[in-house]
Structures are given as structure tokens and as C-alpha cells.
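> Protein chains in written order, with the working numbering: chain A, 78 to 506; chain B, 78 to 506; chain C, 78 to 506.
We put the CB at the ideal spot given by N, CA and C, even for glycine.
No experiment lies behind these values; they were computed from the predicted model shown.
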Amino acid sequence: MHDPLAHDADALLAELFPICRSITGDGVRESLAILQKHIPLSVREIASGTRAFDWTIPDEWNIRDAWVKGPDGKKIIDFKKSNLHVVGYSMPIRKKMPLADLQKHLNSLPDQPDIIPYKTSYYRPNWGFCIREQERRKLRDGTYEVRIDSSLKKGALSWGELLIPGESKEEVLISSYICHPSMANDSISGVVLATLLAKSLRVCKEKLRYSYRFLFVPETIGAVAWLSKNRAAAKRIRHGLVATCVGDSGAFTYKRSRRGDAPVDKAAQKAIEDSGKPYSIVDFFPWGSDERQYCSPGFDLAIGSLMRSMYGTFPAYHTSGDDLRLVKGRFIAETLKLYHDVLDIIEHDRIYSSCNPHCEPQLGKRGLYGAGSPDNPEALMKERALLWVAAYADGMHSLLDIATRARFPFRIIREAAASLEKHKLIIST
Amino acid sequence: MHDPLAHDADALLAELFPICRSITGDGVRESLAILQKHIPLSVREIASGTRAFDWTIPDEWNIRDAWVKGPDGKKIIDFKKSNLHVVGYSMPIRKKMPLADLQKHLNSLPDQPDIIPYKTSYYRPNWGFCIREQERRKLRDGTYEVRIDSSLKKGALSWGELLIPGESKEEVLISSYICHPSMANDSISGVVLATLLAKSLRVCKEKLRYSYRFLFVPETIGAVAWLSKNRAAAKRIRHGLVATCVGDSGAFTYKRSRRGDAPVDKAAQKAIEDSGKPYSIVDFFPWGSDERQYCSPGFDLAIGSLMRSMYGTFPAYHTSGDDLRLVKGRFIAETLKLYHDVLDIIEHDRIYSSCNPHCEPQLGKRGLYGAGSPDNPEALMKERALLWVAAYADGMHSLLDIATRARFPFRIIREAAASLEKHKLIIST
Amino acid sequence: MHDPLAHDADALLAELFPICRSITGDGVRESLAILQKHIPLSVREIASGTRAFDWTIPDEWNIRDAWVKGPDGKKIIDFKKSNLHVVGYSMPIRKKMPLADLQKHLNSLPDQPDIIPYKTSYYRPNWGFCIREQERRKLRDGTYEVRIDSSLKKGALSWGELLIPGESKEEVLISSYICHPSMANDSISGVVLATLLAKSLRVCKEKLRYSYRFLFVPETIGAVAWLSKNRAAAKRIRHGLVATCVGDSGAFTYKRSRRGDAPVDKAAQKAIEDSGKPYSIVDFFPWGSDERQYCSPGFDLAIGSLMRSMYGTFPAYHTSGDDLRLVKGRFIAETLKLYHDVLDIIEHDRIYSSCNPHCEPQLGKRGLYGAGSPDNPEALMKERALLWVAAYADGMHSLLDIATRARFPFRIIREAAASLEKHKLIIST
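#1: Using the DSSP secondary-structure output, state which residues sit across from Ala143(B) in a beta bridge.
#2: When you check each C-beta in the region 457-491 of chain C against every C-beta of chain A, which residues fall closer than 8 Å?
#3: Measuring CB to CB, does Val269(B) end up less than 7 Å from Leu90(B)?
#4: From which residue to which residue does the alpha helix (DSSP H) around Asp155(B) run?
#5: Going along chain C, which residues have a C-beta under 9 Å from Ser450(A)?
#6: Got a sec: is the Cβ-Cβ distance from His435(A) to anything in chain B below 7 Å?
#7: Do Thr321(C) and Gly267(C) have their C-beta atoms closer together than 7 Å?
#8: Tell me which residues share the same chain as Asp178(C) and place their Cβ nearer than 8 Å to its Cβ, disregarding the 5 neighbours each side in the sequence.
#9: Taking C-beta pairs closer than 8 Å, name the residues in chain B that Gly441(A) reaches, listed in chain order.
#10: Starting from the Cα of Leu318(C), find the closest Cα among Glu350(C), Val249(C), Ile255(C) and Arg385(C) and give me that residue.
#11: Suppose only complete runs of 3+ residues qualify. What are the beta strand (DSSP E) ranges in the region 444-503 of chain C, listed by chain order?
#12: Does Leu464(A) pass the burial test, meaning 16 or more other C-beta atoms within 10 Å, or should it be called exposed?
#13: Return yes when the Cβ of Gly237(C) is within less than 7 Å of the Cβ of Leu109(C), no when it is not.
#14: Counting pairs of beta carbons, one from the region 392-412 of chain C and one from the region 332-350 of chain C, are three or more of them closer than 8 Å?
#15: Tell me the DSSP bridge mates of Glu248(B)?
#16: On the premise that Ile225(B) lies in contact with Ile154(B), defined as a C-beta separation below 8 Å, what is that separation, rounded to the nearest angstrom?
#17: Under the three-state reduction of DSSP, which class applies to Leu240(C): helix, strand or coil?
#18: Beta-carbon within less than 7 Å of Asp325(C)'s beta-carbon, same chain only, minus the 5 sequence neighbours each way: which residues are those?
#19: Rounded to whole angstroms, what's the CA-CA distance from Leu401(B) to Tyr195(B)? Just pull it up for me.
#20: Could you tell me which residues DSSP puts in a beta bridge with Met174(C)?
#21: Roughly how many angstroms separate the alpha carbons of Leu176(A) and Ile192(A), rounded to a whole number?
#22: Please name the residue or residues paired with Phe329(A) in a DSSP beta bridge.
#23: Within the same chain, show all residues whose beta-carbon is closer than 8 Å to that of Glu296(B), passing over the 5 residues directly before and after it, in chain order.
#24: Under the rule that 16 or more other beta-carbon atoms within 10 Å means buried, what is Thr220(B), buried or exposed?
#25: Just grab the DSSP bridge partners of Lys230(B) for me.
#26: Could one say the Cβ of Ser264(B) lies closer than 7 Å to chain C's Cβ atoms, at least one of them?
#27: Kindly indicate if chain C contains any beta-carbon less than 7 Å away from that of Pro190(A).
#28: Under 7 Å Cβ to Cβ from Ile208(C), same chain only, skipping five residues before and after it: list those, please.
#29: Under 7 Å, do Ala43(B) and Glu107(B) count as touching if we go by C-beta distance?
#30: Would you kindly check if the distance between the Cβ of Asp426(C) and the Cβ of Pro374(A) is under 7 Å?
#31: Can you tell me whether Met260(C) is buried or exposed? The criterion is at least 16 other CB atoms within 10 Å of its CB, across all chains shown.
#32: In angstroms, rounded to a whole number, what distance separates the CA positions of Glu244(C) and Val164(A)?
#33: Do you know offhand how far Thr481(A)'s Cα is from Arg461(A)'s?
#34: Looking only at C-alpha atoms, which of Asp399(C), Pro117(C), Pro135(C) and Gly337(C) sits nearest to Tyr199(C)?
#35: Pull up the distance between the alpha-carbon of Val120(C) and that of Arg201(C), whole angstroms please.
#36: On the three-state DSSP scale, how would you describe Val280(C)?
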């Protein structure tokens, strides 16, 4: 079975994965340029030192090379082999030092000795290396030479942005983050999914009800920066999802918005339930990804996060183990289908009123009734969906409410509503 | 043990069961005439062709005889043996045809080969027979002669109606349907229960708080017709139950009104719980019986359905298996007791205010306290019921609320309230 | 391990236990005098015959001696051996009678033959003795001499009261009852806990937010009397607990206020959950102790009851088995700690608003972030507590709401709020 979406996802993953990104710098720009080959992304920049609410845009960080040479002059750590080897935002350094001093700048995982951890020090000037515990154990006393060829100076923070206009100026926000170096599920999987989702919405045959805004921002500081520069646009956001950790084989996880019962929360729950696949739903908690910013009390946007294995819960999280053996295009394609299902609910959920509220409409005389029977369960469900919509088209229950109450797939209820509307039995309020 | 109610129910079941009823015609009239021997039912008619909301009263159908003769001239299907053999509302026909043509007009149940299914075609002109699968399998090629001596022409739809006036013009509706041919649990059991209930309310010694309206209508179209002709009366309905499937040995089932938390829903739940018998409670769904019409959004009446084995859930449903071996007077009598218990709650639920709201009343000085002990649990429960009512007689909690909170039988709480009221410790608000 | 609080509790238990108390009389006065050695209790009296809502203060009862002599002239029941031997409020009597007459005035427990039951007859003039079933079985026919040297005449009902003023005139009520003779868990354990709690609040270094009122009243009639004389003070009570049955080794039990969702109900539940110990929570029911009066509809105060094994649920309840082998100072000390935890929540629960509601505050630049990691779970919880408070400081969620939602100990959330307030990131509303 060849799935072109899975293939596209795999290709984009492979292209983005090796780049050394951080919250600023050329890695971000290079990544956004790759995305621009697929969608007409606007790239925006905001200068170092600019205030954004309680935060300040940091200096821009770029890195060319980094290594540690052992007492015998051989490279024992080499940035060229894995960009995780260098602590993000490490200051430039070239120095010889005894092992004891070097140890203070090394990070490793005693419990997972064969993988490299991911560390950053964005706002505290520092330098450091991350290595496999099994390599660290081999280090012997002696003089080591350390070299980080990085620069940390005035520059800018970059992000990518795309608005796909719909009938309404009210917006749906899909936000992903583009600041992690070579990690696949955390960060890049969400970027790939958002790109493919934007690509498909741009060519969608049906007219979109909402306008769709896609953000590819450095996590935290990028979302803070965008919100500080776009307070009017933020007010137009009605629904949204943070896309991250969408590419492994784990069960779906939906993290609710801070509101907890926003339409996107109900739509995501219904779409996941309708999928028939295993899932878990967790209430909002104030750490994780950029929902922290979107849901902060001053904004309190209706933004949840639809994932597979959630950050912090899979062993490879924030390590070199989060690679392209864990994340596959076919899993992203499967999650992308679920995103479409959530958006389908958001696009089509409406409240109807019956034009014939006294007693049932006589469906039979309109050819809408009679095929259903225990032997034809699909026709039976369709007829019953018509009855559900007719019975609850009272100006108070939305189609999503009805589908949830009936425990019917949203799609079946939506089609029933379309049929009743065509027969002028219900009218959208 | 001789239970006169069970005996009466059995007798009425036996009298009603054999009649061939449909949604119109002489079978309905004959059945209503039998009920009139027990209660002073008004019989009303509405002419074919009359509009009723989205529906039109159909032509009247009557049938005298029907049969199919095999190639050897012997009757292989005979309406006289079971009125289920003919599809309801079959057009008149007299014709010879090969087996292949006849087959298109035969209905049987491959999974239940020894019973006859029940089929109708009210609004689509057609004709057909229903037979046992085991008989159908014996049919051999040849010429068959088909005869249905029915008429389908302008006439009327009939229903029975009885109003038992109470102190208030506000009404409780008990609705049953009288359109099914020889089936016992579905349709007739509810008719028998409603008749016996009406009979006992008419001779009730206590003054009724509500007026009680009993309807015996053809299902769906009869309820639609009644509602279309009685919109003012419908507005006076405060509570109601659709009586059907009340006569088999199954556990009680209560189907909630569309509102879900109407007083009748709470009263039915409490009465069933107090009965100590097994039960299930299901939320409203928009198919089933005439609650579909009463609960349609334009009416949204507080009408549930109190049953035993619900339609569609027992194997004999809509077949010749739904007969007097399945349905017994003693089961109807037991369900009738539960109907009385529900109505007892509806009649007696009230909100009281304490005349002595500060601290407990001193029950002892009124002789109301002191007999209760672990050795006398009944007296203990009665004393505690007094405390419950005194503690919650705050103008906000009804007796049903209190009984539900206390998990005490409603009767005990009601008696406690009567006692406190007699001692002028509480007053009805 | 020496726990001075447990030691103090044991000493006070031993001093109070032997006294013969009832709802009036010198036993109550003697007990209050003992408490006055620990806290500056005001002792109040109200005269016999005074009306208190629906009640009347009864005559005062005192007893000096009581016994029953057998046919051989030997004392077979002796008040001096256990003050439970006499039914409380027994009228004076000196009389000879046959065994059959005496039996009508004897109480024993057939199921627990080796313990003496506790009985009273406050409002119905009577006399009686309580004995072990095993002794009763030995009684042989013959003439018995009965002597109760009691007095029942105009006098007063006494109670103890202490107000510890706080910043606000709004009050927290701690109520215990002092009317039971030698029983340890029921009545006295609560008196001891309340005394030690009052003692510690008086020397509390931190300024109290609420004023604290401690009541030591005869159960029921004492609470009724206090409420009738203190209607203005009752209106100032915002939270409260009835202290009883706090001294055995059983799991904690919290009985909710009649309101069910009052702040004290939420605070007690959180404090018990935070304790990590086994517990049960029960809804209000209108028997038990003085919460019956405080929660009566005319007052409806937010008063629950925090216990260990609840009255009526442990076998020794209302018998001589409720003694100092069942109740220990160390259990009272443990329950006292829980009372402090509940009051800590009530004292410190507040609603905050963020001064920085748009996006997260940058905790790192204030030195509040960075120490937390899976290897340092305590620091991680503290950082996350800061995020919880910042995210929900929206003028709508109290610290208790936040702690409950986060499932974090209240203390951690409170400390996080203090830290954010110090950094001017949140402000109390």
C-alpha cells in the first residue's frame, strides 16, 4: 500500500531532521526555507533585545563547529556527528583543561548510557557538551582541548506564518515549533504535519468557513513574540491546536485547553472517539508546549494539543533516541487524518432549528425512510441519524452535541443534517 | 394466591389479543368498544386526508380474509389462522403467479424459522404475506393463487380518550397504542395496564391533585393526530408516561423524557429504586413509541416510558412469538403497582418550609421520638425520616429531593412530612 | 519518640475521663474547671426553664450515689464502680421490689455481654440502671433494694466558651460537647483536641486571619441554647468543625456540612487527601452531633465534622468499652495535626490575579526556574506549582481550587503563591 501523504511526510522529515536549529539562528531560517517549497510561508523576524511581555528576545546564536579533543589529541566529541553534542546556546570557547573541569560541562544519561541527551541554556550564559554515558565512562585523566565555534550576538528571532483565508475572519490556529535540533517526534513531526495540513487546506475544494493561521515558531519565546506582536489577530482565534509529538506509533493523546470544555476540546474528543483507536485525554496543565502561552489567563484561547505519545512520557524524549527510527511518515499521515476530522467538526458544527418542530417529520414521503433494518445496519443508522437531528434541532443543540448524545459518528449526523436541510425540514440558526 | 388485578388483566388480554387491528379500521373500533366496558372512554375519529402537522391521515384499511393457495389448490397461508400472516395495509389482490413472483411478497425470519414476523406498509401501497421460514422452505415451483380481501378507502382514524378530572387542570398523560394486531407485549399490554390504571384512579378515595388523561391511539399517526387537534390540552400536560411492553417477566426499563431531568424522570427512577427490583434506565432516543411525538422539540413534554423488556430488545418483538405465553396478567399487575408508585410521588411531591427553622424541633415532647433503636429499625427509619424532612424543609428541597438524598423510600419521607405538618412544624410552600 | 502533644492529651484524658457528666450538673462544671487550667474559658450558665427555640432548658441533675442490693443484701450494682451504671437523669428512688419489677428498669447488651451500655432519659422522667448482660443473667428471683441518690431540680445548664480574636471579626467555630460520663472517644476526645487546639492558636506566631470561637457545650440542648443566645455571633461564623470521636486508631472520617460544598468541606477534603492517610468522606445526614443544630435550615452554617471512627460505627460506641484503652493521646495528636492542616487552608486560601497575565512570566530571570528535573522531583514540583499559580491567577480560582486541580499539596501551592506575590507577579484580589 503506497500512501502518498506518508511518503511526503517521510521526505520532509528526512530533509528537516539533520539541521541544527535553536530558538534563533540560521538553522531556523534554513528550515523555514524548506517549508516554503511546500507552502507560501511568510518569514518574519524580530530583533534581539525587543521586549515581548515579560520576556526579551535573546541574542542570535549560530554555530559552525564544536569538538573536544582527548589527551591524545583525538576528537572524542564531534558536533559534526550529532548536533545534540553541543548544549544549545553554548558560548564560544577554546580552552585546555583537566578532566575534572571538563566534567562540570558534560551531560549524559546514566540510565540510558547509549544515547545523547538534549540540553540548552538559552538565558543563562554557559557552555557544555552532551555525550553518551558509555563514552563518558571511558574518559581518563589528562588535559582536554575544548572548542565551540559559536557566535551569540545581536540578530533576530525568526518564524514562519501562513494565513489561509476562509469565509470568516475568525481563525483556527495551528501552531508548531521549529527550534529543536535533530529530534524527530518532539518539534519536527508537528512541523511536518502542519505543513502537509496547510498544503491540503490550500487546495481544498470546499470553501473554508474559518480562516486558518499556521505558525512555525521557536517554542515559548516565539509564541510569546508572536502574541505580543499580534494581539488583534489573537482575539480572532476561535479554535486551535498545538501540533507536536504526532509522529510515533503511540496512542493518540489530547491535552485539553485551559478552558477544558471549549468547542475544540469537544471536537477533538469526538473525532478521537469516532476514530475507534486507543487514546487518552488529559486536562490542561501549565507546562508542555506553546499552549502555555496561548492559554495564559490574559489570552485564555481555546487551544488544545493533539499528539500521539506526549512529551515527557516516551523514553526517547529530549535525546538522540528521538530519531527517524521512532518517527515515521505513516504515523504522521494517520495523525493528519485525525486533524482533518477535528477540523471537519469545527468547520461543520452548527445549531439548527426545526422548520417542523411539532411531531416528527414524515420521512417516508420524502424517500428518507424505510431502508433501515437490523439486516442493513448502515441504512438503519442513517435513518436514526435523521431522527436524532430532527428531535434535537431546537436551536440549542449543535450537531456535535447531537452526535455526542447519540454516540453516532459526527459524519453521519452531519450528513443527516445536510439531508434534512435539503428537504427544508431544518434551518441553520 | 389470587390477585384480582392479575386476573382482570389476563381476561382483558385474552379478549383483546385475537383482534386484527391496524392504524385505522374496525379492529381499532372493536378494541375500543371492549375498553368501554371498563372505563367511559370517548371514541373520536378524524377523517382520512386530514392534515396533521407534517402528516396526512391515511385511508382506512379493513380486511376480511386472505390466503395463498399452492399449486395443489390447498391453502398454504391462511389469515384466519393468524392475522400476522398479512402485511398490514396490504392492498386487495386476487391473482395467480409463479413462486418466483410470490417470493417477492413474502416475509420470514431465517434466524427464527418457527415464528411469523409482523410487517406493515402503511404509506407505501403494497401487499404481502408473512410466514414461518420453515414453511417457506417447503414451497416448490408452481403456480400459486393469492387472495387478499381487503379495502383501503376514505374513512377515519379512531382513538379513545378519557379525562379523569383532579383538583388542578394540569394534566398527567398516560398514552398507549392500539394499532397492533395479535401481539401481546408490544401494544396490548400497555392498553390493558392503562385501562386498569384508569379504572382504579376513577374510584380512588383520595382527591387527585392532577387531572389524568388516558389516550388509546394508533401509534405515531394517532399521537400526531391527537396533538394536532389538542394543542391547548397538550400545553396543560405536566407529566406523562407511554405505557407499552409492560407485561413480560423482564426487568423494569425506564426511558427518560427528552428533557432527561423532568420530575417524571426523577419520580420514575425513585419509584423503581424503591421497588428493590432489577431495572435499567436509558436516556431518551428518538425512536420507539409515541414519546417521539410528545417529546418533539415543538412540544418537549415531560413524558417518559415505563416498561419491562423494551421494544426491540426481546427476541419475540414484532413476531407471533409476542403472545400470551410471554405476557401474563401477573406481570402487568406488578408493573401497574409501579405506575401507581410513580404517580404517588408525582401526586405527593411538594416543597415544604420549616415553621421552626432554627435548630431541630424537639420531637420527643410531641411523642415523635424515642422508639427508634438498632433493635427497632423501622421505628428508627421513621424517626430519621422526620429529621431528614425537618432538616431540608427549607423551601428549596422537595420531598422527592429529600427522599433521594436520604436514600429512604419516598413513602417513608412522605409520611414523615405528613406527621410534621400535622404538628405544625412544616408548611407546604 | 516522645510527642509532648500526645502526652498532654493523655494527661487531660485521664483527668476528665472519670467524672460523671450529664447535660447539666456539677460534673460539667468540674470538667470546665479542668479545661480552665489550660485555656481562659468563660463559663456561662442558663437557668432551667428558659426557652431556647423549640426547646426548654431542663432541670439540673446531680447524683451522689446509686446502687442495687440483691436479696442477700449485697450490692450487685454500684454507681461508684462505673458512672455508666445509672441511666442519665434518673429520678431519685429508694425502694424494694421483686426482680420482675427491677428488670423493667435494667438495660444490658445481649450481643456484648461483658460491657455496660450508656443510656439517658433527659426529657422523660424515669430511672434505671445499666449492667453487663453477663451479670444480669445471674440475677435470681427475690427482693431487691434500689437506691438512686440523685436530685432533679431548678438550676442551670453550663457551657464553656473562648474567643481568640483574629484580624477579622468573621469566625471559625470549633464545637465539642461535654455532657457524656466516662466515655473517651465519644465526647471527651473532642474536648481534649479542642482544648489543645485553642491552646496552640493562642500562642500562634502568625497573625490569625479569622477569629476562633471554641464551644464546650452539652450536646444538642447546649448547642441549641448557645445559638438561641448568640444569633448575632452565629451570623459571623464562616467555617466550623464539630470535634468528636477523634481519639481512636480508626481512619479519618469527614462528615460534610449540610451545604456539602462549603469552603470547609473542600478544605477538609484537601487536607485529608494531602495527609496521604486512609479516609472516608460522608455527606451530611441529620443525626449525629451538634452539626444538626448549626446546619439546621434557619442557620445553615458551613460546619462539618472531622472525626476518626464515626459515632455509631465502632462497637464500643455508647458503652463502657469506649474507654482509655480505645482512645490514646497519640491518635488525638495525629487528628489535631489534621485540624491544623484544615485551618491552614482556611486561613490561607485566597484568590489572586496575575499582574502579568499575557503569556507566562519569565521565572528564570528571577531565579525561580531551572533547578527542577526528574532527578530533583521536589524542585520540579515547586517550579510546576509556580506555573500552576501563574496560569490560574485569574481572579476566579482560589489557591485551594488550584491545588485541587493540580493535585498538589496545598502547602506547595501556597508557598508558590507567596513567592510569586513577593516578585509582584500576582496580587491578592
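In this structure, then:
#1: Ile225(B)
#2: Arg461, Leu464, Trp465, Ala467, Ala468, Tyr469, Ala470, Asp471, Arg482 and Ala483
#3: Contact: yes.
#4: Per DSSP, Asp155(B) belongs to no alpha helix (DSSP H); it is in the beta strand (DSSP E), Lys152 to Asp155.
#5: Chain C residues near Ser450(A): none, gap ~48 Å exceeds 9 Å.
#6: yes
#7: yes
#8: none
#9: Tyr200 and Arg201
#10: Val249(C)
#11: 471-475
#12: buried
#13: yes
#14: no
#15: Ser288(B) and Ile314(B)
#16: The Cβ separation is near 10 Å, so there is no contact.
#17: strand
#18: Asn262, Arg385, Ser386, Phe391, Leu403, Val404 and Phe408
#19: Straight-line spacing of the CA atoms in Leu401(B) and Tyr195(B) works out to 16 Å.
#20: Tyr221(C)
#21: Taking the straight line joining both Cα atoms gives about 21 Å.
#22: Tyr356(A)
#23: Ile100, Tyr254, Cys256, His257, Ser264, Ser366 and Asp367
#24: exposed
#25: Glu137(B)
#26: no
#27: False, the Cβ-Cβ gap to chain C never drops below 7 Å.
#28: Ile154, His162, Leu183, Ser185 and Ile193
#29: This structure cannot speak to residue 43(B), because chain B is shown only from 78 to 506.
#30: Cβ distance not < 7 Å, so Pro374(A) and Asp426(C) don't count as in contact.
#31: buried
#32: 52 Å
#33: The straight-line gap separating the alpha-carbon atoms of Thr481(A) and Arg461(A) is approximately 14 Å.
#34: Pro135(C)
#35: 28 Å
#36: coil
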